[in-house]
Amino acid sequence: MEPLKTQPIPFGDSHEFHDIFATLYPRLVSYARRYGATYPEDIAQEAFVILMQRDVPVDHPTAYLYGTVRTLSLTERRPLKNQSLSLEAVVEPGRGPDADDDLLNQEVRERMKALSPTFRETLWLFVVEDLSIRQIAEILDIPEATVKTRIHRAKAHLRNQLNSSGGLHVLA
Amino acid sequence: MSWHDPARSLEPDTDSTLRNELRGLLGMPAQSTSYFECEASPDLIRLADGLRQEARRRNHMAQRRGSWMLLAAALPLALAMGGLGVWGLEEQHKADHLAAAVAQQETRIQQLAAAQQQQATQSQTAEVQQHRVPTPALRAHPPQRLLAGAGARSTAKPRELVIQVPRSTTPNLNDTQNVKAQ
């Protein structure tokens, strides 16, 4: 088989690409797993290939990767609807297997779980994945204002949660 | 395309404050901690290079597939055009043949018409010559000038001079010619 032509690296030099890949790949695998993907590694790798295949560069590659992983994970889950599986086998979006929740302590996990999946997803991207509001808006394909609203509502929800459990004074 | 995302680096302070505040509410440390810190291990580097190679291979395949698709799309068009061309040539050939046949037929008709006309002229000349020789009967009774309607003067019809004329080639019912009297 003839070797492929050497093309310019679309993401800077090899060293930069390796560093970025090492940083983003585990995040994307974790993100796919949270969406209940059966093969999160494959999905994360596919997202990288799709990004590198593009002729037109994207403005926010990180957001693009997250968005692709999200879409691929949801697409992977879609055929399950037509199969006679028990509901337990279908994982709710944003509530994937608990493996990655080990990253957070029990208290954080409990507080996160108390939120609705929509708020939890936004909050996860903002706080844990450390993404900007614009990036989250691109990933979820919603307006930035909606992201902000969700974050503020999640914050209010967390405050109420702490007030009812009497934990606010501890933070104060 | 750069990996350095301006959306993250140009984040307003309010968003950073909000993030820290949420961290506090969740019980996470306020300092930004990366939960996914990972060094570029040889395995990851190999994987990254493999994925990049795969992307190039797919691009290469997509380009080749694009060329084949274009060819496949153009082939029926080319065949149709070729077929039309052949059909057109055949039709033109047929039309040329027909035009030649028509021209030949026209020439033949013209020749026939000319021959017929010549024949008619000859027969007419012969007939005229035949009529110039007076017959004995005609010599005995030369044609008289008769006044038509001489016996019917009472009628309002104007008088007409009737002159007998020799039989012409054209059919005439009376073999006479009516001339109005002055």
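Residue numbers (my numbering), protein chains in the order written: chain P, 6 to 177; chain D, -2 to 179.
No residue lacks a Cβ here, since even glycine has one placed at the ideal position from N, Cα and C.
Original post:
Can you give the beta carbon distance from residue 19/D to residue 132/P, rounded, assuming they're within the 8 Å contact cut?
Top reply: By one-based count along the second sequence, residue 19/D stands at place 22. By one-based count along the first sequence, residue 132/P stands at place 127. Right, the Cβ-Cβ distance comes to about 5 Å (below 8 Å), so this counts as a contact.
Review point. Looking only at DSSP bridge pairs, what is residue 153/P linked to?
Key: The sequence position of residue 153/P within the first sequence is 148, counting from 1. Paired residues: none, contrary to the question.
Report yes or no: do the region 37 to 57 of chain D and the region 160 to 171 of chain P share at least 3 C-beta pairs separated by less than 8 Å? no
Which value, in whole angstroms, describes the spacing of the CA atoms of residue 54/P and residue 26/P? Counting from one through the first sequence, the residue named residue 54/P turns up at place 49. Counting from one through the first sequence, the residue named residue 26/P turns up at place 21. The straight-line gap from Cα to Cα measures roughly 12 Å.
Taking only beta-carbon atoms, is residue 159/P less than 9 Å away from chain D? Along the first sequence, one-based indexing puts residue 159/P at 154. Yes, because at least one Cβ of chain D sits closer than 9 Å to the Cβ of residue 159/P.
Exercise for the section: Look up residue 177/D in the DSSP assignment and give the residues it is bridged to. Expected result: Here residue 177/D refers to the residue found at position 180 of the second sequence. Residue 177/D is bridged by DSSP to 157/D.
Q. Are the beta-carbon atoms belonging to residue 65/P and residue 143/P less than 9 Å from one another?
A. Indexing the first sequence from 1 puts residue 65/P at position 60. Indexing the first sequence from 1 puts residue 143/P at position 138. Yes, these two residues count as a Cβ contact at 9 Å.
Using the C-alpha atoms, what's the distance from residue 79/D back to residue 88/D? For the purposes of this step, residue 88/D is taken as residue 91 along the second sequence, with counting starting at 1. For the purposes of this step, residue 79/D is taken as residue 82 along the second sequence, with counting starting at 1. Distance between the alpha carbons of residue 88/D and residue 79/D: 14 Å.
_Quick check on DSSP: helix, strand or coil for residue 25/D?_
Taking the first residue of the second sequence as 1, we reach residue 25/D at position 28. In this structure, residue 25/D counts as coil in the three-state DSSP scheme.
Excluding five sequence neighbours on each side, which residues of the same chain lie with their C-beta closer than 8 Å to the C-beta of residue 224/D?
-> The structure shown does not extend to residue 224/D, since chain D spans only -2 to 179, so no value can be given for it.
* Looking at residue 140/P and residue 67/P, is the spacing between their C-beta atoms short of 9 Å? -> Within the first sequence, numbered from 1, the residue matching residue 67/P stands at position 62. Within the first sequence, numbered from 1, the residue matching residue 140/P stands at position 135. Result yes, Cβ atoms of residue 67/P and residue 140/P sit closer than 9 Å.
| request: Spell out whether any CB of chain D is found under 9 Å from the CB atom of residue 146/P. | output: Numbered from 1 along the first sequence, position 141 holds the residue referred to as residue 146/P. No, residue 146/P does not count as interfacial toward chain D.
Note to self: Please report whether the beta-carbon of residue 92/P lies at a distance below 9 Å from any beta-carbon of chain D.
What the structure shows: Position 87 of the first sequence, counted from the first residue, corresponds to residue 92/P. Only weak support is given to the placement of residue 92/P: the predicted model assigns it a pLDDT of 36, under 50, and the value that follows is read from those uncertain coordinates. Nearest CB-CB separation between residue 92/P and chain D: not below the 9 Å threshold.
* To do: Have a look at 114/P, 168/P, 169/P and 127/P and flag the residue whose alpha-carbon is nearest the alpha-carbon of residue 153/P.
  => Locating residue 153/P in the first sequence gives position 148, counting from the first residue. That would be 127/P, whose Cα lies nearest to the Cα of residue 153/P.
### Query
Interface residues of chain D around residue 138/P at Cβ under 7 Å?
Counting from one through the first sequence, the residue named residue 138/P turns up at place 133. The answer, in chain order, is 12.
Alpha carbon to alpha carbon, what distance is there between residue 74/D and residue 122/P?
-> Taking the first sequence and counting its residues from 1, the one referred to as residue 122/P is at position 117. Taking the second sequence and counting its residues from 1, the one referred to as residue 74/D is at position 77. Whole-angstrom Cα-Cα distance: 54 Å.
>> Closer than 7 Å between beta carbons: that is the criterion. Which residues of the region 12 to 44 of chain P meet it against chain D?
In response: 12, 15, 16, 17, 21, 22, 23, 24, 25, 26, 27, 28, 30, 31, 32 and 35
Check your understanding: Alpha carbon to alpha carbon, what distance is there between residue 145/P and residue 69/P?
Key -> Indexing the first sequence from 1 puts residue 69/P at position 64. Indexing the first sequence from 1 puts residue 145/P at position 140. Computed Cα separation, rounded: 10 Å.
Report the CB separation of residue 79/P from residue 40/P in whole angstroms; it is logged as a contact under 8 Å. Stepping through the first sequence from its first residue, residue 79/P is reached at position 74. Stepping through the first sequence from its first residue, residue 40/P is reached at position 35. With 8 Å as the limit, residue 79/P and residue 40/P qualify as a contact, their Cβ atoms being about 6 Å apart.
Open item on the list: I need the straight-line Cα distance from residue 128/D to residue 122/D, nearest angstrom please.
Closed with: Within the second sequence, numbered from 1, the residue matching residue 128/D stands at position 131. Within the second sequence, numbered from 1, the residue matching residue 122/D stands at position 125. Taking C-alpha positions only, residue 128/D is separated from residue 122/D by approximately 10 Å.
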